[in-house]
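Everything on this sheet refers to the single structure shown next.
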Amino acid sequence: MDVSGSGAEPLEGEDPRRIGTIPLLGKLGSGGMGRVYLGVVDGRYAAVKQVLPHFAADENFLRHFGHELDNLARLPNEVSTPLLASDRQARPPWFATAYIPGLTLTEAMALHGGPLPVQALWLLLREAAAGLRAVHALDMVHRDLKPSNVMLTQDGATLIDFGVARAADQSRLTRTGVVVGTPAYMSPEQASASKELTGATDVFALGALLGYAAVGRPPFGEGSGVDVLYRIVHGEPDLDGLRALDQDLAEVVEACLDKNPLGRPTADRLFLLAEQRAVPARPGWPALVMDRLAGRAAFAARTAPQVVLEPEPDSPEQAEPVVVGRNAPITAAGRPRRRTRLLLAVVPIVLVAGTTIGVQLLPKLTAPRAAESGPPASGPGGAGPAASASSGSPSAGTSPSGVPSASGQPSAAPSPGSVAGVPAASGGGGAGGANGTGNNGTGNTGTGSNGSGNTGTGSAGSTGGPGNTAGPSTKPTAAPPPAPTPSSGSRFYVLRNGSSGDCLGVNQFGNALTLGSCTGNAVLWSSRTVSGGGFQVVNKGTGQCLQAGMFNNVSTISDCAQSGLKSWYSGSHSSLADQYDGKCLDLAFGGGATTAKCSGSASQQWKRQ
967 MDVSGSGAEP LEGEDPRRIG TIPLLGKLGS GGMGRVYLGV VDGRYAAVKQ VLPHFAADEN
1027 FLRHFGHELD NLARLPNEVS TPLLASDRQA RPPWFATAYI PGLTLTEAMA LHGGPLPVQA
1087 LWLLLREAAA GLRAVHALDM VHRDLKPSNV MLTQDGATLI DFGVARAADQ SRLTRTGVVV
1147 GTPAYMSPEQ ASASKELTGA TDVFALGALL GYAAVGRPPF GEGSGVDVLY RIVHGEPDLD
1207 GLRALDQDLA EVVEACLDKN PLGRPTADRL FLLAEQRAVP ARPGWPALVM DRLAGRAAFA
1267 ARTAPQVVLE PEPDSPEQAE PVVVGRNAPI TAAGRPRRRT RLLLAVVPIV LVAGTTIGVQ
1327 LLPKLTAPRA AESGPPASGP GGAGPAASAS SGSPSAGTSP SGVPSASGQP SAAPSPGSVA
1387 GVPAASGGGG AGGANGTGNN GTGNTGTGSN GSGNTGTGSA GSTGGPGNTA GPSTKPTAAP
1447 PPAPTPSSGS RFYVLRNGSS GDCLGVNQFG NALTLGSCTG NAVLWSSRTV SGGGFQVVNK
1507 GTGQCLQAGM FNNVSTISDC AQSGLKSWYS GSHSSLADQY DGKCLDLAFG GGATTAKCSG
1567 SASQQWKRQ
């Protein structure tokens, strides 16, 4: 079916053709929370978001997800997109909102080729402030305002991405103390978890967003390191570029970025300031952006096709989705909303979205050592604060972060084998397990009697039991397997996730990992052997290397020549494990990738194709 002009990609072989009773026409995008499809609901185009399968097993997530859908059904049309249908009982759950014929601010800037012109910046301020004041009037806070959550349209701008990330945040907070947010756009009170969050938090994020739209980078810099949050809490924003463009707008942004929430203007005040600049009654985004928006609007104006759904063979009977409107009862579902929760300052914070880090930001926090935080995040006017550290290298058995470890070797939890069909070296056996070798297969550890690859064999262990069972998460004495050998005919491959079906890639700015389409140089990788028995995973588009995050949280992309956690090895179940501590590359809440204890789950499977 022709979806040209919609912004959707054609459905691929592994994509569903329907979700619930909603026929699907194409794929609009994906991230760490779920996949978004273009569908048809009651004769109108819809964005259908389906939560990733591994969330369906989390009862905390499901409970909070339903609660948020109830609350957010109250939002009026001017706040976000109308909710059309949902099924919170489905596994995985899903919801459908009206299709927005627009572009995210990130997409618009990429299409325009850089920062927005001054007049468009005032338009952006007016439109975003209008949305925020409606949210704040309901005593609600968006809490994750960033370029990818602002959708530009022919008529203005819409705030998106309410709901699902907040439910995930609340679920993980219940278990581990996790908050959702994007470091470059977080307020000091979010970064330090020292105050209750109010609408002033969104105003701070709006100031950072305007700074990004004006010069192409946030006022406190970008990155996944603790130095970004340190600058937000203790440093000053870099607004020199904005001042050169428009001194008045720079003063507004500076007020938004006040460290004290009480010193920031309200969304109402910002809207009035933008109105006084006599911006056009209708938005005037850059020409290329308006042309693309016209194409999206033309698609949305088409009559949605009539699609007859074939019954799925051997599929369980599905409940009818709940169809709702803005004034539906509270039992109806709402729109997605991101939210963070307050943590005590004595609890380390894990930030999950495009980036994830573990920090504890107190008022007089000493800046982190560069060696501990990996490659520094890009910052305005240079690196982060100076570090205080004693000379000398860490002793054996101590990790760079100061956490004692049994050895410098990776964990045996993801036993050596293959990642995405990559040839593996011999796999060390677990207690009573097998030692196996094989081409394009796995050599697994555990309590099994056999470990075999597609063409290899394994010797029997000392005790019987099921094969392919991961052994204890202890450090192996054997060196990890060498780098995988590229398949014949090409030295590049894609890494397709076993849960989402999306491919690991790098964003258009080359500074963050993404999950999405499997085409283009941004999703092509190669392997490079390094000392110690591991290998680097090198991106074709940027030439940079995949890096495990500080404290083994978010994975990112950085210069291969810099020191850091860039050495990987092939684990079992097509996993990719960090050589530092053996944790596996996994999907992150809110997008991107992280590292987590190896579990063999589908979200940790990366098929090499």
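Letter by letter, the sequence shown follows residues 967 to 1575 of the numbering used here.
Note that CB positions come from ideal geometry on N, CA and C, so glycine has one too.
Taking buried to mean at least 16 other C-beta atoms within 10 Å of its own C-beta, is Gly1229 buried or exposed?
-> Around the beta carbon of Gly1229, fewer than 16 other beta carbons sit within 10 angstroms, so the residue counts as exposed.
Taking the C-alpha atoms as reference points, what is the distance between Gln1120 and Arg1258?
-> Looking at the two C-alpha atoms, the distance is approximately 10 Å.
Provide the residue(s) that pair with Arg1230 in DSSP beta bridges, ordered along the chain.
-> According to DSSP, Arg1230 bridges with nothing at all.
Who are the near neighbours of Ala1488 in its chain, counting only those whose CB is closer than 6 Å to its CB and skipping five residues on each side?
-> Once the five neighbours on either side are set aside, the close Cβ partners of Ala1488 are Gly1471, Val1472, Gly1507.
Are the stretch 1461-1471 and the stretch 1564-1575 touching by the rule of at least three beta carbon pairs closer than 8 Å?
-> The stretch 1461-1471 is in contact with the stretch 1564-1575.
Tell me the DSSP bridge mates of Met1117?
-> Met1117 is bridged to Thr1070, Thr1124.
Pick from Ala1264, Tyr1003, Phe1458, Asp1224 that is closest to Leu1205, judged by C-alpha positions = Residue Asp1224 is the option with its Cα nearest to Leu1205.
Residue from Leu1176, Cys1469, Gly1500 with nearest C-alpha to Leu1083 | It is Pro, not Leu, that sits at residue 1083 in the sequence shown. Nearest of Leu1176, Cys1469, Gly1500 to Pro1083, Cα basis: Leu1176.
Where Arg1494 and Asp1544 are concerned, what is the direct C-alpha to C-alpha distance, given to the nearest angstrom?
-> Cα-Cα distance, rounded: 14 Å.
For Leu1111, which three-state DSSP category applies?
-> Here Leu1111 sits in coil by DSSP.
Residues near Tyr1065 by beta carbon distance below 7 Å, same chain, minus five either side = Cβ within range, chain order: Leu1004, Tyr1011, Ala1012, Ala1013, Ala1266.
Out of Leu1104, Gly986, Pro1252, point me to the one whose CA is closest to Ala1051's CA.
-> Closest option to Ala1051, Cα to Cα, is Gly986.
Once you ignore the five residues that flank Leu1071 on each side, which residues in its own chain have a CB closer than 6 Å to its CB?
-> Answer for Leu1071: Pro1113, Val1116, listed in chain order.
Near Val1219, what residues of its chain come up, given a Cβ to Cβ distance below 7 Å and the 5 sequence neighbours on each side ignored?
-> Correct list, in chain order: Gly1173, Leu1176, Gly1177, Leu1205, Leu1208.
Should Pro1042 be labelled buried (16 or more other beta-carbon atoms within 10 Å of its own) or exposed?
-> Exposed.
Helix, strand or coil at Ser1522 [DSSP, three-state] | Note on residue identity: the sequence assigns Thr, not Ser, to residue 1522. In this structure, Thr1522 counts as strand in the three-state DSSP scheme.
Following the continuous alpha helix (DSSP H) through Tyr1178, name the residue where it begins and the one where it ends.
-> Counting along the chain, Tyr1178 sits inside the alpha helix (DSSP H) bounded by residues 1165-1181.
Please confirm whether Val1245 and Leu1163 have their CB atoms less than 8 Å apart.
-> No, they are not a contact pair.
Residues near Pro989 in its chain [Cβ-Cβ closer than 8 Å; skip 5 each side] = Same-chain partners within the cutoff: Arg983, Gly1005, Val1006, Val1273, Leu1275.
So Leu990 is in the alpha helix (DSSP H); what residue range does that whole segment cover?
-> Looking at the DSSP string, Leu990 is not in any alpha helix (DSSP H); the run it does join, the beta strand (DSSP E), is 988-996.
For Val1504, which residues from the same chain have a beta carbon less than 7 Å from its beta carbon, with the 5 sequence-adjacent residues on both sides left out?
-> When the five nearest sequence neighbours on each side are left out, the beta carbons in the same chain lying within less than 7 Å of the beta carbon of Val1504 are those of Trp1491, Ser1492, Arg1494, Cys1511, Cys1526, in order along the chain.
Continuous beta strand (DSSP E) stretch holding Arg1462: start and end = Boundaries of the beta strand (DSSP E) around Arg1462: 1461-1463.
Which residues in the same chain as Ala1514 place their Cβ atom closer than 6 Å to its Cβ, once the five residues preceding and following it in sequence are excluded?
-> Ser1521, Leu1531, Asp1544, Thr1561, listed in sequence order.
In the DSSP assignment, find the unbroken alpha helix (DSSP H) run with Asp1257 in it and report its ends.
-> Counting along the chain, the unbroken alpha helix (DSSP H) around Asp1257 starts and ends at 1253-1267.
Residues in its own chain within less than 6 Å of Ala1076 by CB, not counting five upstream and five downstream?
-> Hits under 6 Å: Gln1474.
Going by the CB atoms, is the gap between Pro1249 and Gln1089 shorter than 8 Å?
-> According to the sequence shown, residue 1089 is Leu rather than Gln. Yes, Cβ-Cβ distance for Leu1089 and Pro1249 is below 8 Å.
Is the shortest distance between the beta-carbon of Gln1545 and the beta-carbons of chain C less than 8 Å?
-> No chain C is part of this structure, which consists of one protein chain only.
Tell whether a beta-carbon distance below 8 Å holds between Val1045 and Leu1125.
-> Yes, Cβ-Cβ distance for Val1045 and Leu1125 is below 8 Å.
Roughly how many angstroms lie between the CA atoms of Leu1028 and His1102, to the nearest whole one?
-> Rounded to whole angstroms, Leu1028 to His1102 spans 26 Å at the Cα level.
Take Glu1025 and list the residues in its own chain whose beta-carbon comes closer than 6 Å to its own, dropping the five residues that flank it on each side.
-> Closer than 6 Å at Cβ, skipping near neighbours: no residue.
What's the gap between the Cα of Gly1165 and the Cα of Leu991?
-> Near 38 Å, if we compare the C-alpha coordinates of Leu991 and Gly1165.
With which residues is Arg1010 paired in a DSSP beta bridge?
-> DSSP output for Arg1010 lists Val1007 as bridge partner(s).
With distances taken from CA atoms, which of Arg1057, Glu980, Arg1574, Gly1122 is nearest Met1256?
-> For Met1256, the nearest C-alpha among the options comes from Gly1122.
Top-ranked residue by Cα proximity to Val1002, from Lys1573, Gln1016, Asn1226 = The candidate whose alpha carbon is nearest that of Val1002 is Gln1016.
With DSSP as the reference, label Gln1502 as helix, strand or coil.
-> For Gln1502, the secondary structure class from DSSP, reduced to helix, strand or coil, is strand.
Expressed to the nearest angstrom, what Euclidean distance is found between the alpha-carbon atoms of Pro1185 and Pro1203?
-> Distance between the alpha carbons of Pro1185 and Pro1203: 5 Å.
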